[in-house]
Amino acid sequence: MEEENDIGSVPVAKKSIRHKLYHGTIGAAKRAGAKKTSLFTVVFILFIIYALLLLIPFFWMVFNSFKGPIEFGLDKWSFNFTAGFDNYVKAFNYKVKDTTVLGMYLNSILVVGGGVVVTLVSCTLASYTMAKYKFHGRGLIYNIVIIAMMVPIVGTLPAQYRLMQKLGLVDNIVGVWFLYSGGFGFNFLFLYSYFKSISWTYAEAAQIDGASDFRIFIQIMVPMARPALTAVGVLTFMGLWCDYQTPYFYLNSMPTIALGLKDMSDQLAYDPNYPLVLATAIMATIPILVLFCAFQKTIMNNMTVGGLKG
Amino acid sequence: MTFDERFQVKDMQENNAYDENAGMLDEAPMSDETVLNEAPMPEEAVILGAVEESQEDDIPAEEEIPKPRRKHWRGFRAFFRSRKFRRGLFITLMLLYPVAQFLIMWAFVNIDSIIMTFQKYDTVKGWKFVGLDNYKNWFQKFRADPAYTTMMVNSALHSVVGMFIIFPLCLMISYFLCRKVPLSGFFRVVFYLPSIIPLVVLALGFTNMIKVDGLLGKLYEGFNLEAPALLVPPKVRWTIYGFTVWAGLGGNLLLLSGTIKRVPEEVLESARLDGLGTMGELFRIVVPMIWPTLVTLFIMSMMGIFSVVFQPLFLTDKLMDETMTLGLWIFNKATDNAGNVQAATLGIMSTVIVAPIILLTRWALDKMFSGVDY
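Chains A and B, in that order, are what the protein sequence lines are. Using my numbering, you'd call the opening residue of the first sequence number -6 and step up by one each time. Using my numbering, you'd call the opening residue of the second sequence number 1440 and step up by one each time.
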């Protein structure tokens, strides 16, 4: 009987512990943990798939840019890199509408470099003054800027083109810089909130020491906002580097790399020399990747600090 | 003081305006540091010396310089040297360029865009007013032209895809990246890449993958199936939606994960202790707390109706009725002397229809979780 009881009781006891484990707090936590782990595993797998979907085309472009016309024509998925860097060298000298790819590269650097400078200057002037000084009309300007951002007015392109024609700024690099130099956009909002967050005490101290407003701006506030300015500068550079529309309309004789690449891919779409297009595409992407990798922390951190509030 | 200014002063004196002004200007506060900071012009040095002396001796300026003419100069000068004036000048100079640029490129261009819809370009006479002709033209096309309708529908669908597919997925991705899925740093960079790479390059990569000898073709080959032709009608429309999703998921990643990271950890911790699951945490805690940012980004996704411009052009290398969008149509006609007024009219009419919807949505969304701040 005892044995039976023992034998009989043990499973019961085990069952009750299991029962407790399953239905008690520990069990709930474990199950929640398991559920969470399984959810995270699913998410992780989905992320891997999406990352592969994004990366495979680029790797495909990279390794095909090292292939000669024959290998490329035979098999686009083989690892037969006979051409080496030949395509890159050839691409540099390839002419699209009288401009070599190297020329386009230089055009891009000139247009985008200038564009970043004017954007930064204009945005900094506007955002600093609006954030740190109280004056008549400040609220009005701010509200108009917000409305301009929130109300999508489309179809202004023809009027913009007409105006630029009247001003004689079509096919003129100054015109492109002028278009890029808007001081009130999302960059403005970002810098505005950044300048707001800088304490005015520094400026007061400088004022007591006899610094003028301009000096406070240049020597105190701008250096303090350097991380934000760097982030805006890098993001602007990346944005303008990819810009297709503005150079297309206003800088036809000085095609940038984004514009030239499109023309080149149209020209060589059915040509055995297609790897040249891929080489150019890789070259067009490299500056952006380098910049992004170099300033990744600055960009991410500042986006975190500034955030965006409507 | 220049000759002109002296002349001006003399004029004012003669007009009897001098006495009133002198009093007012004299009261304008002198800034001490400006006197010290700036090297004066030689002819001003004398007066400057007088001012400094007067301050040292602690004698009121009026008694020091009894001549009304000089007193006025000082008042005038004091005004120009006053902090108030200098600050005003500083603000004006700082805002001059940005405001001028904004007025020209935003205000003027928008007004001119409206004016343009009442005009037409004539090769002989140039621009002339034609009344409501362009609007009548637009209405006729809107009613009867199937290509026009396809374009409107395409744009509206791009907006829907942006709002209800890309935006929620981007939110989920950002949230899970903040919850430290393994390799989250790597994923963050990879997912953000399409937002910074030129669209032409993205389109090149994408089209080569969906061609018959691309990745998709290989997959179909593996299953012994025939790969579909995705870059010609009728499937090309869906290909373009697919492309916008593929390339757009990371678009708001930085802003969203930046904002989600700002949600205080204590709040999330207490929610977890109360037994809230991962998805519950996202939708019940994180979403309400970052609501203002979400509203702004959602509205921006809504504007996808206008912002899809080059995707169809870059993917298919040509303009097709099946893939036409509002933005691309306007882009295509902008420099064409016959079509630019149509483009302007289309833009204005689209704005008239869409802007109220957007503003209303924004207003409604703002009401949902108002007053959340941390």
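Ideal Cβ placement from N, Cα and C applies to all residues, glycine included. Note that the structure is a prediction, hence the values are computed from the model and not measured.
Simplified DSSP state of residue 1565 of chain B, which is helix, strand or coil: By one-based count along the second sequence, residue 1565 of chain B stands at place 126. Collapsing the DSSP output to three states places residue 1565 of chain B in a strand.
Contact list for the segment 186 to 220 of chain A against chain B, Cβ threshold 9 Å: If the cut-off is 9 Å between Cβ atoms, the segment 186 to 220 of chain A has 200, 201, 202, 203, 204, 205, 206, 207, 208, 210 near chain B.
Pull out every residue of the segment 31 to 53 of chain A whose Cβ sits closer than 8 Å to any Cβ of chain B, in chain order. Listed by position, the residues of the segment 31 to 53 of chain A near chain B (Cβ gap below 8 Å) are 32, 33, 36, 37, 40, 43, 44, 46, 47, 48, 49, 50, 51, 53.
Using a cut-off of 9 Å between C-beta atoms, extract the partners of residue 1814 of chain B located in chain A. Residue 1814 of chain B is absent from the structure shown; chain B starts at 1440 and stops at 1813.
Extract the residue ranges of the alpha helix (DSSP H) inside the segment 1588 to 1650 of chain B, only unbroken runs of 4 or more that lie entirely within it. Taken in chain order, the complete alpha helix (DSSP H) segments of 4 residues or longer contained in the segment 1588 to 1650 of chain B are 1606 to 1617, 1623 to 1635, 1638 to 1649.
What number of angstroms, rounded off, separates the C-alpha of residue 1601 of chain B from the C-alpha of residue 1746 of chain B? If you number the second sequence from 1, residue 1601 of chain B lands on position 162. If you number the second sequence from 1, residue 1746 of chain B lands on position 307. Cα-Cα distance, rounded: 10 Å.
Suppose contacts are defined by Cβ-Cβ distances below 9 Å. Is residue 268 of chain A in contact with residue 60 of chain A by that definition? In the first sequence, the residue the question calls residue 268 of chain A occupies position 275. In the first sequence, the residue the question calls residue 60 of chain A occupies position 67. In this structure, residue 268 of chain A places its C-beta atom within 9 Å of the C-beta atom of residue 60 of chain A.
Between which two residues does the alpha helix (DSSP H) harbouring residue 1554 of chain B extend? Counting from one through the second sequence, the residue named residue 1554 of chain B turns up at place 115. From DSSP, the alpha helix (DSSP H) with residue 1554 of chain B extends over 1548 to 1555.
Decide if residue 1517 of chain B is buried, meaning its Cβ has at least 16 other Cβ atoms within 10 Å, or exposed. As a working note, residue 1517 of chain B is residue 78 in the second sequence. Residue 1517 of chain B comes out buried.
Does residue 71 of chain A have its Cβ less than 9 Å from a Cβ in chain B? The count along the first sequence starts at 1 and reaches residue 71 of chain A at position 78. At a cut-off of 9 Å between C-beta atoms, residue 71 of chain A does not count as an interface residue with respect to chain B.
Near-chain A residues of the segment 1760 to 1773 of chain B (beta-carbon distance less than 8 Å), N- to C-terminal order: The residues in question are 1765, 1766, 1769, 1770, 1772, 1773.
Across the segment 1581 to 1597 of chain B and the segment 1714 to 1726 of chain B, are there enough close Cβ pairs to call them in contact, namely three or more that are closer than 8 Å? These segments do not touch.
Taking DSSP's pairing of strands, which residues face residue 1559 of chain B in a bridge? Here residue 1559 of chain B refers to the residue found at position 120 when the second sequence is read from its first residue. Note: residue 1559 of chain B sits in a beta bridge opposite B:1567.
So, is the C-beta of residue 166 of chain A closer than 9 Å to a C-beta in chain E? Judged by its chain identifiers, the structure shown contains no chain E, and its protein chains are A and B.
Validate contact between the segment 1707 to 1717 of chain B and the segment 1625 to 1632 of chain B using beta carbons, cut 8 Å, 3 pairs: As far as the Cβ criterion goes, the segment 1707 to 1717 of chain B does not touch the segment 1625 to 1632 of chain B, which means the pair count is below three.
Which residues does DSSP list as the beta-bridge partners of residue 88 of chain A? By one-based count along the first sequence, residue 88 of chain A stands at place 95. Residue 88 of chain A is bridged to A:93.
Mind checking the segment 1525 to 1538 of chain B against chain A and listing, in chain order, the residues whose C-beta falls within less than 8 Å of any C-beta there? Within the segment 1525 to 1538 of chain B, the residues whose Cβ lies closer than 8 Å to some Cβ of chain A are 1525, 1526, 1527, 1529, 1530, 1533, 1534, 1536, 1537, 1538, listed in chain order.
How many angstroms separate the CA atom of residue 67 of chain A from the CA atom of residue 77 of chain A? Counted from its first residue, the first sequence places residue 67 of chain A at position 74. Counted from its first residue, the first sequence places residue 77 of chain A at position 84. Distance between residue 67 of chain A and residue 77 of chain A, taken at the CA atoms: about 17 Å.
Identity of the residue in B:1538, B:1562, B:1624 nearest residue 137 of chain A by Cα: Position 144 of the first sequence, counting from 1, holds the residue named residue 137 of chain A. Just measuring C-alpha positions, the residue of B:1538, B:1562, B:1624 sitting nearest residue 137 of chain A is B:1538.
Residue 234 of chain A versus chain B: which residues are under 8 Å apart at the beta carbon? Mapped onto the first sequence, residue 234 of chain A falls at position 241. Listed along the chain, the chain B residues whose CB falls inside 8 Å of the CB of residue 234 of chain A are 1637.
Leaving out five residues on either side along the sequence, give the residues of the same chain with a beta carbon under 7 Å from the beta carbon of residue 281 of chain A. Counting from 1 along the first sequence, the entry for residue 281 of chain A is found at position 288. Only 231, 234 meet the Cβ criterion.
Inter-residue spacing [alpha-carbon to alpha-carbon] between residue 1569 of chain B and residue 1594 of chain B: If you number the second sequence from 1, residue 1569 of chain B lands on position 130. If you number the second sequence from 1, residue 1594 of chain B lands on position 155. Rounded to the nearest angstrom, the two C-alpha atoms are 29 Å apart.
Quick one: does residue 1658 of chain B have its CB under 9 Å from some CB of chain A? Along the second sequence, one-based indexing puts residue 1658 of chain B at 219. No, because no Cβ of chain A sits closer than 9 Å to the Cβ of residue 1658 of chain B.
Would you say residue 1647 of chain B reaches chain A, if we count a Cβ-Cβ gap shorter than 9 Å as a contact? What you label residue 1647 of chain B is simply residue 208 of the second sequence in a count that begins at 1. Closer than 9 Å to some Cβ of chain A, the Cβ of residue 1647 of chain B qualifies, so yes.
Is the Cβ-Cβ distance between residue 1652 of chain B and residue 262 of chain A less than 9 Å? For the purposes of this step, residue 1652 of chain B is taken as the residue at position 213 of the second sequence. For the purposes of this step, residue 262 of chain A is taken as the residue at position 269 of the first sequence. Result no, Cβ atoms of residue 1652 of chain B and residue 262 of chain A do not sit closer than 9 Å.
Where residue 185 of chain A and residue 289 of chain A are concerned, what is the direct C-alpha to C-alpha distance, given to the nearest angstrom? Residue numbering aside, residue 185 of chain A sits at position 192 when the first sequence is read from its first letter. Residue numbering aside, residue 289 of chain A sits at position 296 when the first sequence is read from its first letter. Approximately 22 Å, taken between the alpha carbons.
Where residue 1633 of chain B meets chain A, residues with beta-carbon distance less than 8 Å: On the second sequence, position 194 is the one that residue 1633 of chain B refers to. Residues of chain A passing the Cβ test: 47.
Does residue 1532 of chain B pass the burial test, meaning 16 or more other C-beta atoms within 10 Å, or should it be called exposed? Locating residue 1532 of chain B in the second sequence gives position 93, counting from the first residue. Residue 1532 of chain B is exposed by the Cβ-count criterion.
Of all the CB atoms in chain A, is at least one closer than 9 Å to the CB of residue 1789 of chain B? Taking the first residue of the second sequence as 1, we reach residue 1789 of chain B at position 350. With respect to chain A, the C-beta atom of residue 1789 of chain B has a partner C-beta closer than 9 Å.
How is residue 161 of chain A classed by DSSP in three states: helix, strand or coil? Residue 161 of chain A sits at position 168 when you count from the first residue of the first sequence. Here residue 161 of chain A sits in coil by DSSP.
Between residue 223 of chain A and chain B, is the shortest Cβ-Cβ distance under 9 Å, so that the two count as touching? Locating residue 223 of chain A in the first sequence gives position 230, where the first residue counts as 1. No, its Cβ sits nowhere closer than 9 Å to a Cβ of chain B.
Looking at residue 1733 of chain B and residue 237 of chain A, is the spacing between their C-beta atoms short of 9 Å? Position 244 of the first sequence, counting from 1, holds the residue named residue 237 of chain A. Position 294 of the second sequence, counting from 1, holds the residue named residue 1733 of chain B. Not closer than 9 Å, so no.
Below 9 Å between beta carbons: does that hold for residue 241 of chain A and residue 162 of chain A? Locating residue 241 of chain A in the first sequence gives position 248, counting from the first residue. Locating residue 162 of chain A in the first sequence gives position 169, counting from the first residue. Against a cut-off of 9 Å, the Cβ pair of residue 162 of chain A and residue 241 of chain A comes out as no contact.
Span of the alpha helix (DSSP H) around residue 213 of chain A: One-based indexing of the first sequence puts residue 213 of chain A at position 220. Note, residue 213 of chain A: premise wrong, no alpha helix (DSSP H); not H, not E.
Can you check whether the CB of residue 146 of chain A is closer than 9 Å to the CB of residue 1794 of chain B? Position 355 of the second sequence, counting from 1, holds the residue named residue 1794 of chain B. Position 153 of the first sequence, counting from 1, holds the residue named residue 146 of chain A. Taking 9 Å as the Cβ cut-off, residue 1794 of chain B and residue 146 of chain A qualify as a contacting pair.
For residue 1713 of chain B, which residues in chain A fall below 7 Å Cβ to Cβ? Locating residue 1713 of chain B in the second sequence gives position 274, counting from the first residue. Annotation: residue 1713 of chain B has no Cβ neighbours in chain A at a cutoff of 7 Å; minimum Cβ distance is about 12 Å.
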